[in-house]
Structures are given as structure tokens and as C-alpha cells.
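Here's the structure, in C-alpha cells; my notes come after.
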Amino acid sequence: MKSKILEEYEILNKIRSICSQDYNSSKIIMEADQGVLRKLQELVLSNESLKRRELEFRGKCKNEMRELQQLVNEVEETDLPDVNFEEENRILNELSERVINARLLLGRKTRAISILQRQLDQVPSRAELAQYQRRFLELYCQVSAKHRETKQFFTLYNTLNDTHQYLNKELTLLNSILDNYSDAMSSSSRKEQFMNQFDAIVEGVKQNKFKVEQKRNDEKKVEDDLRLQLLELLDIQRQYVAALKQLSETVTK
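Residues 131 to 383 (our numbering) make up the sequence shown, in order.
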């Protein structure tokens, strides 16, 4: 704005210098082109307008200057309250300490959340659990089959071992009878003694037979109890499968 005013002043000075020239210059102006005269008239009018605008602008600036000066005076005359910088510093330190503690707590919470997130990531999904379940079931079936086969081998071994021992005892008994028969039949006392020994052997065999049959009956009873438990478990399994199927259908609906 100021540069524009200066430009207008320069134009005004040029006009004044033109107007202040002597008679010869006036004669030249009168003879000049009418277009130049009109241009000069426009410049004069513009100069007058710029003067008025300059005066208005100066008045406005003076008013604003007075208002600003009045505001400065009011601020200088106002009594500012005494500021307790120690109290402000104490409050600031407390706030800073609370911020630091909050950041530490946030860090601990963030680490705890990260640990929980890793633990959640380590939990297998439903598909993985189903795959693990199928694999464990396959392993269980393999181990169960191998255990049953091994148990059968042990049972067969024990049976054959017992049979072998009984055959050895029988063979030993027959050899003893054969070796002592002739000598035992030589007299009535030896014959009686031989028969008593033979009766004792027979009684021992009967007792062993009774023990074996008793053991077989006990094993049979255990087998029957296990069969009943198996039937009950199979019934519970069927009920579980039916309930699970019904629940799945209900959830699907």
C-alpha cells in the first residue's frame, strides 16, 4: 500500500512540474493530443482519490495506535498476582513422575499382553486339535493292538512254561515210579510205603489242579466284569455321540 502511494506521489509531482512550466510549455500542452489531456485528467482524479484514501488510512492507523497504547497502559497498570514458582515446579515434578510411572505400567502391561498373545498363538486351532485327536487315536489303536499281541505272547509263554514244568514233573514222577517199583514190590512194608507216597503225590496234584482251576475261575470272573464295563462304556459312547449330533444340529439351526 505504501509503495502504491509513493508511485501516485511520483505521478503527482510529475503533473505539478508539468503545470508549473512557463507559457511555452502551456502552449505545447494545449497543442498536444486530446488523449494525453484526458489521461492527465484521469491521473489528477486518481491522485485526489489516493489523497483521500491516504488520509483515511492514516486516521485508521492513528485510531488503532491509540487503542493499542491504551491496552498496553491497562496491562501495565494491572497488578499481576504473585506466582509461586516452587509450588508450580513441585506440581510439575509430581505430574512428570506420574507420567513416568504410567509409562512404566504401560510397558509392563504391554509385555504381559505380548506374553498372553504368544500363549494364545501357541494354542492349537480346532482343525489342529481335530488332527491331533485323530493322530492320538491312531497311536492309541496301534499301541493297544501291540499291547494285546504282546499280552497274548506272554500268556502263551506262561502257558507253555507251565505245561513244560508239569510235563517235567510228570516225567520225573514216572521215572521215580519206574525206578522204585521193583524195589517197592519186594515186600509188603515197602509196597505200603510206596503207595502212601504215591497217594501223597496224587493229593498234591489234585491240590495244584484245584488252585489252577480257582485261578482260572477268578480270571474268568474278572473277564466277565470287564466285559460288562465295556458294554456300559459302549452304551455311554453311543449316548455321547447321539447327544453330540443333536447338539450340532441344534447349533446349525
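We put the CB at the ideal spot given by N, CA and C, even for glycine.
Should residue i and residue j be called a contact, given that it needs their Cβ atoms to be closer than 8 Å?
i	j	result
F324	N305	no
K321	A314	yes
Once DSSP output is grouped into helix, strand and coil, what is the label at residue i?
i	result
S312	helix
S179	helix
S244	helix
S378	helix
V253	coil
S317	coil
Apart from the five residues on each side of it in sequence, which residues of its chain come closer than 8 Å, Cβ to Cβ, to residue i?
i	result
E379	none
I307	F328
N291	none
Do we get a CB-CB distance below 8 Å when we pair residue i with the residues of chain C?
i	result
L250	Here chain C cannot be found, since the structure has a single protein chain.
Please go through the same chain and pick out, in chain order, the residues whose beta-carbon is closer than 7 Å to the beta-carbon of residue i, but skip the five residues on each side of it.
i	result
Y262	P254
If you count every other CB in all the chains shown that lies within 10 Å of the CB of residue i, and 16 or more means buried, which is it?
i	result
V371	exposed
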